[in-house]
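Please read the structure below before turning to the comments.
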Amino acid sequence: MVNPLSSHNHVDLPTVDGLDEPVSWSTVPSDAITFDDAAVELGGRTIWSHGSFSLPTGEFVGLIGPNGAGKTTLLRVLLGQIRPSHGQVRVLGAPARRGNRAVGYVPQHRTMELDLAVRAFDFVMLGLTGHRWGFGRTSATERRAVAEALAAVDATNLAEEPVGVLSGGEQQRLRIAQALVTQPQLLLLDEPLASLDLRSRHEIVDLVDRIRRERRVTVLFVTHDLNLFLGVLDRVVYLLDCRPVAASLEEVVRPDILSRLYRAQVRIVRTTDGQRFITGV
Amino acid sequence: MTPTIFAGPSWNLVADLQTILSYGFMRNGFVAGTVIAVMAGIVGYFVVLRRLAFASEALAHSGFAGATGAVVLGVDVFLGLVAFVCTAGVVMGLLGERLRGRDVAVGATLTFALALGSFFLSVSSKLAGQATNILFGNILAISPVDVWYVAIFALVTLTVLAFTYRPLLFASLDPEIAAARGVPVHLLGVAFMVLLGIAIAASVEVVGVLLIFALLILPAATAQHLTARAGRAIGLSVAVGVLCVWIGLLAGFYAPYPPSFFITTFAFLVYLGARTLTPGVGSTRRHSARANSPCDL
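Line by line, the protein sequences are chains A and B. For the first sequence, position 5 matches number 5 in the working numbering, and the numbering has no gaps at all. Whatever position you read off the second sequence (first residue = 1), add 1000 for the working numbering.
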């Protein structure tokens, strides 16, 4: 699948004025993420190494690999929370750094408890102001940005609700809104579909894909279930034998590769209407 | 007519207040109690949000050893409490995630602290009169110098909270996202334990180590049941706490029973009333969801 947006490096998008670090769109490099012989060590143990690949701007990329292979570690490197022990990792044209407002992050789904009394609107607002010290009210521009982010995930009607009473899928939409509110150019999602029902999973995948197209955002999505993504992924990064590798979807969706990846016998079945389906035996 | 402490109120509000405030210990209790209720109400909001209610209980109990130890050493009880509870809080904060699900370890430590307190009780004759005040508090026994200590510590606590308010809220709700946004989540967690230690030590002056829930948790939990807006919840939490303390002071002035009994009872009744008489935040959504249930015929 060819992404029509990946060749566009200079796109004119409205910037949100009044935000303390306006994002400069004219400097968007052609590659959103670049790994150059990168390796990571945690506690003296190598998690993965020899990572050399680039992910073009605007693509929908899946990140797959067995439990404990270092998928979350890879996201934390991109977030600047872990420094590569070897090589270089560049995010949006610069070395990965902490607190980069151009990078949005949605962590693994964890249900917020029922009695958590915080309004959805305020929850999303924290994505914009939560890092800010000192007192001071939020500005009209900031409130508008939050309203826009809520609208982008179809959650305008949830604004006044306490997050604790919302369903898992609704809570996840709010986390995506919270990640979108700074107008990021890169969206990192760490298994946001876990414990969601099938319909909510499809809704979240479709939502993220729509946001990617409308906002020219690069998406890196950690998942265990490729089936949901066969129609949307441009590329896959897989962690195999302690090494992150980028490949096209077609290179990865093969029984031999997937069987090695999941350390289980994997087959690819075609339904009568031509749809592929990945299944374990 | 010169009313004694045990004379009933005249129900002339101005005259009664004049009578009450003509006593130095009542003025001390009024000023310190109000300041402490404000501080506990605000800190308590984050305690409930961060699920630290049990940890607060443990810290307060460990304060028994701190307070009795201070008496044995001849140090100011309040300062001894602050030092001991804050240290215990920082240790708890540093252990952080590793403490999650370690209820038994926390319980064991607080039991040991209580036992240590009982040991200090037995070795010091000075403690006999103070033990009850440490366990159940006595707002009428707050010394003038403690009023100053409480005021200074409250000022520091509230200034720090005003400065860290938003990042602390962010880190309390979702530490992973906050960390990704550059919030120093771990440092904030430890710093909050120091503020919690101060709030607990101050609350012990009013309700003692055993009734800490009354001032620190119940007003904040009541407020969070009633509103999902942070600003309103904090304001409501403070209002409930201050009202509890004032009622305790007045009742304790006229009735021959300890003020902490009235404070705790009132805080409990307000909490119980809010939980049983009001549907709570998000109830409209829960109800409307039920009304539209596909299982309805």
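By construction, the Cβ of each residue, glycine as well, lies at the ideal position given by its N, Cα and C atoms.
### Closest by C-alpha distance to residue 104 of chain A, when choosing among A:72, A:219, A:139 and A:40
Along the first sequence, read from residue 1 onward, the residue named residue 104 of chain A stands at position 104. Minimum Cα distance to residue 104 of chain A is reached at A:219.
### Nearest-angstrom Cα separation, counted from residue 1169 of chain B out to residue 246 of chain A
To locate residue 246 of chain A, count along the first sequence from 1; it is residue 246. To locate residue 1169 of chain B, count along the second sequence from 1; it is residue 169. Looking at the two C-alpha atoms, the distance is approximately 38 Å.
### Query
Can residue 250 of chain A be considered in contact with the ligand COA, in the sense that its beta carbon sits closer than 7 Å to one or more heavy atoms?
Because no ligand of any kind appears in the structure shown, any question about the ligand COA cannot be addressed here.
### Message
Would residue 1227 of chain B pass as an interface residue toward chain A - the criterion being a Cβ-Cβ separation below 8 Å?
### Response
Taking the first residue of the second sequence as 1, we reach residue 1227 of chain B at position 227. Taking 8 Å as the threshold, the shortest C-beta distance from residue 1227 of chain B to chain A falls below it.
#### Entry: Closer than 7 Å at the beta carbon, the chain A residues around residue 1181 of chain B
As a working note, residue 1181 of chain B is residue 181 in the second sequence. The answer, in chain order, is 99, 130 and 131.
### Task
Quick one: using the 10 Å Cβ neighbour count with 16 as the cut-off for buried, is residue 1227 of chain B buried or exposed?
Against the second sequence, residue 1227 of chain B aligns to sequence position 227. Residue 1227 of chain B comes out buried.
### Task
State the CB to CB distance for the pair residue 1134 of chain B and residue 1058 of chain B, rounded to an integer number of angstroms; the pair is presumed to be in contact (CB under 8 Å).
On the second sequence, residue 1134 of chain B is found 134 positions in, with the first residue counted as 1. On the second sequence, residue 1058 of chain B is found 58 positions in, with the first residue counted as 1. Contact annotation, residue 1134 of chain B with residue 1058 of chain B: C-beta distance approximately 16 Å; criterion of less than 8 Å not satisfied.
### Task
With 8 Å as the threshold, decide whether the Cβ of residue 1165 of chain B is near any Cβ in chain A.
Here residue 1165 of chain B corresponds to residue number 165 of the second sequence, with the count starting at 1. Yes - at least one Cβ of chain A is within 8 Å of the one on residue 1165 of chain B.
### Query
Do residue 77 of chain A and residue 40 of chain A have their CB atoms nearer than 8 Å?
Here residue 77 of chain A corresponds to residue number 77 of the first sequence, with the count starting at 1. Here residue 40 of chain A corresponds to residue number 40 of the first sequence, with the count starting at 1. For residue 77 of chain A and residue 40 of chain A, yes; Cβs fall inside 8 Å.
### Query
If residue 60 of chain A sits next to residue 212 of chain A, beta carbons under 8 Å apart, how far is it from one beta carbon to the other, in whole angstroms?
One-based indexing of the first sequence puts residue 60 of chain A at position 60. One-based indexing of the first sequence puts residue 212 of chain A at position 212. About 6 Å; that satisfies the 8 Å criterion.
### Message
My assumption, with CB atoms under 8 Å, is that residue 249 of chain A sits in contact with residue 233 of chain A. Please give the rounded CB distance.
### Response
For this step, residue 249 of chain A is matched to residue 249 along the first sequence. For this step, residue 233 of chain A is matched to residue 233 along the first sequence. Between residue 233 of chain A and residue 249 of chain A the Cβ distance is about 5 Å, and since that is below 8 Å, they are a contact.
### Task
Ignore the nearest five residues each way along the sequence and tell me which others in residue 34 of chain A's own chain have a CB closer than 6 Å to its CB.
Locating residue 34 of chain A in the first sequence gives position 34, where the first residue counts as 1. The beta carbon of residue 34 of chain A is closer than 6 Å to those of 54 and 90 in its chain, skipping five residues each way along the sequence.
### Query
Based on Cα-Cα distance, which residue from B:1139, B:1087, B:1061 and B:1167 lies nearest to residue 1033 of chain B?
Position 33 of the second sequence, counted from the first residue, corresponds to residue 1033 of chain B. Of B:1139, B:1087, B:1061 and B:1167, the residue nearest in Cα terms is B:1139.
### Message
Do residue 1195 of chain B and residue 1161 of chain B count as a contact pair if the criterion is CB distance below 8 Å?
### Response
Taking the first residue of the second sequence as 1, we reach residue 1161 of chain B at position 161. Taking the first residue of the second sequence as 1, we reach residue 1195 of chain B at position 195. In contact: residue 1161 of chain B and residue 1195 of chain B (Cβ atoms closer than 8 Å).
### Query
chain B partners of residue 221 of chain A, CB-CB under 9 Å?
Here residue 221 of chain A refers to the residue found at position 221 of the first sequence. By Cβ distance, chain B contributes nothing, its closest Cβ being about 16 Å from residue 221 of chain A, past 9 Å.
#### Entry: Closer than 9 Å at the beta carbon, the chain A residues around residue 1176 of chain B
Indexing the second sequence from 1 puts residue 1176 of chain B at position 176. Result: 105, 107, 108, 110 and 190.
### Task
Report the residue from B:1119, B:1153, B:1094 and B:1178 whose alpha carbon sits nearest the alpha carbon of residue 132 of chain A.
As a working mapping, residue 132 of chain A is identified with position 132 in the first sequence. The candidate whose alpha carbon is nearest that of residue 132 of chain A is B:1178.
#### Entry: Exposure of residue 26 of chain A, with buried meaning 16 or more beta-carbon neighbours within 10 Å
Numbered from its first residue, the first sequence carries residue 26 of chain A at position 26. Unreliable positioning characterises residue 26 of chain A in this predicted model, as indicated by a pLDDT of 48, which lies under 50. The coordinate reading is nonetheless provided below. The residue is exposed, with fewer than 16 neighbouring Cβ atoms inside 10 Å.
### Message
I'd like to know whether the C-beta of residue 1064 of chain B is nearer than 8 Å to at least one C-beta of chain A.
### Response
Along the second sequence, one-based indexing puts residue 1064 of chain B at 64. Interface annotation, residue 1064 of chain B: not in contact with chain A, CB-CB separation never under 8 Å.
### Task
Output, in chain order, the set of chain A residues within a Cβ distance shorter than 8 Å of residue 1170 of chain B.
As a first step, residue 1170 of chain B is located in the second sequence; it is residue number 170 there, counting from the start. Residues of chain A passing the Cβ test: 126, 130 and 131.
### Message
So residue 1017 of chain B and residue 1071 of chain B are supposed to be a Cβ contact under 8 Å. How far apart are they, rounded?
### Response
Walking along the second sequence from the start, residue 1017 of chain B turns up at place 17. Walking along the second sequence from the start, residue 1071 of chain B turns up at place 71. Not quite, the Cβ-Cβ distance comes to about 34 Å (not below 8 Å), so this is no contact.
### Query
What separation, rounded to the nearest whole angstrom, lies between the Cα atoms of residue 1265 of chain B and residue 1137 of chain B?
Taking the second sequence and counting its residues from 1, one reaches residue 1265 of chain B at position 265. Taking the second sequence and counting its residues from 1, one reaches residue 1137 of chain B at position 137. Whole-angstrom Cα-Cα distance: 14 Å.
### Task
Return the residues of the segment 1109 to 1131 of chain B that lie within a Cβ-Cβ distance of less than 9 Å from chain A, sorted by chain order.
Answer set for the segment 1109 to 1131 of chain B: empty.
### Query
On the premise that residue 1220 of chain B lies in contact with residue 1047 of chain B, defined as a C-beta separation below 8 Å, what is that separation, rounded to the nearest angstrom?
Here residue 1047 of chain B refers to the residue found at position 47 of the second sequence. Here residue 1220 of chain B refers to the residue found at position 220 of the second sequence. With a Cβ gap of about 7 Å, residue 1047 of chain B and residue 1220 of chain B count as contacting.
### Task
Can you check DSSP and say which residues form a bridge with residue 48 of chain A?
Numbered from its first residue, the first sequence carries residue 48 of chain A at position 48. In DSSP, residue 48 of chain A forms a bridge with A:40.
#### Entry: Spatial distance of residue 265 of chain A from residue 225 of chain A (CA atoms)
Within the first sequence, numbered from 1, the residue matching residue 265 of chain A stands at position 265. Within the first sequence, numbered from 1, the residue matching residue 225 of chain A stands at position 225. Approximately 15 Å, taken between the alpha carbons.
### Task
Compute the Euclidean distance between the alpha carbons of residue 1279 of chain B and residue 199 of chain A, then round it to the nearest angstrom.
The residue labelled residue 1279 of chain B in the question sits at position 279 within the second sequence. The residue labelled residue 199 of chain A in the question sits at position 199 within the first sequence. Cα to Cα, residue 1279 of chain B sits roughly 30 Å from residue 199 of chain A.
### Message
Between residue 164 of chain A and chain B, is the shortest Cβ-Cβ distance under 8 Å, so that the two count as touching?
### Response
As a working mapping, residue 164 of chain A is identified with position 164 in the first sequence. Yes, residue 164 of chain A counts as interfacial toward chain B.
### Query
Is it true that the CB of residue 65 of chain A sits closer than 8 Å to the CB of residue 240 of chain A?
Counted from its first residue, the first sequence places residue 240 of chain A at position 240. Counted from its first residue, the first sequence places residue 65 of chain A at position 65. Yes, they are a contact pair.
### Task
Give the interface partners of residue 147 of chain A over in chain B, defined as CB-CB distance under 8 Å, in chain order.
As a working note, residue 147 of chain A is residue 147 in the first sequence. Neighbours of residue 147 of chain A on chain B: none; closest Cβ ~16 Å, over 8 Å.
### Task
Taking C-beta pairs closer than 7 Å, name the residues in chain A that residue 1233 of chain B reaches, listed in chain order.
Taking the first residue of the second sequence as position 1, residue 1233 of chain B is located at position 233. Those within 7 Å of residue 1233 of chain B in chain A are 117.
### alpha helix (DSSP H) runs wholly inside the segment 1062 to 1116 of chain B, at least 4 long, in chain order
1077 to 1095
### Message
To the nearest angstrom, how far is the alpha carbon of residue 235 of chain A from that of residue 75 of chain A?
### Response
In the first sequence, the residue the question calls residue 235 of chain A occupies position 235. In the first sequence, the residue the question calls residue 75 of chain A occupies position 75. Looking at the two C-alpha atoms, the distance is approximately 16 Å.
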